[in-house]
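Sequential numbering from 312 applies to the sequence shown in this note's numbering.
For each residue, glycine too, the CB sits at the ideal point set by N, CA and C.
Please read all numbers here as calculations on a predicted model, not as lab measurements.
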Amino acid sequence: MQAVTSPPRTYTARFELVSDRFWNSVQHEFPRPAGRPGRRFSDARTMVEAIIYRQRCAIPWRQVPEVFGHWQTIWTWNQRILTDGSWERARAEWRRQSPDEKDPTRPTVQVEMARVHRLATSVARRPHGWVELEFILP
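Here it is, written out as structure tokens:
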């Protein structure tokens, strides 16, 4: 049986948030296609870049640019890699290999951004909704 590989990147690297050096050192930590029939497997690098983009911009899931894929797919990947420990293993591997370089997965959220009124967001929601705030500690 032939191994199934991830499809090549199909978008312009306008949002390239992960260097090739970083990706080559941590790509083995993230899920890979299992070769089962069904929906096409999302590119792991694109999903990781989307998650990093969302963390750095401190935006709701629905506002992640479409160039990364559908927001629900990105959210699912985020939940999967946080639950199975892939995210922390990748960060630990990067810190081990490059202790002097900045960790590209570390979010850079300013405190002022978290202090918005619940009506200040542009995301559609139910009346009397709330804004999702997510703080990720190093």
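For residue 357 versus residue 379, is the C-beta spacing smaller than 9 Å? Taking 9 Å as the Cβ cut-off, residue 357 and residue 379 qualify as a contacting pair.
So residue 336 and residue 383 are in contact, right, with Cβ under 8 Å, and what is the actual spacing, rounded? Wrong, their Cβ atoms sit about 29 Å apart, outside the cutoff.
As assigned by DSSP and simplified to three states, the class of residue 370: coil
Identify whether residue 337 lies in helix, strand or coil by the three-state DSSP scheme. Residue 337 carries a helical assignment under DSSP once its states are collapsed to helix, strand and coil.
Given a threshold of 16 other Cβ atoms within 10 Å of its Cβ, counted over all protein chains shown, does residue 331 qualify as buried or as exposed? exposed
Helix, strand or coil, according to DSSP, for residue 411 in the structure here? coil
Between which two residues does the alpha helix (DSSP H) containing residue 522 stretch? Past the boundaries of the shown model lies residue 522; the chain is included only from 312 to 449, so the question cannot be answered.
Counting Cβ pairs closer than 8 Å, one from the stretch 397-406 and one from the stretch 365-380, do we hit at least three? Contact fails: fewer than three Cβ-Cβ distances are below 8 Å.
Other residues of its chain near residue 360: CB distance less than 8 Å, five sequence neighbours each side excluded: 326, 327, 328, 329 and 379
Between residue 344 and residue 352, which are expected to be in contact by the criterion C-beta below 8 Å, what is the C-beta distance as a whole number of angstroms? That belief holds up - the Cβ atoms of residue 344 and residue 352 are roughly 4 Å apart, short of 8 Å.
Taking the alpha-carbon positions, what's the residue 349 to residue 411 distance? Spanning the two alpha carbons is a distance of roughly 42 Å.
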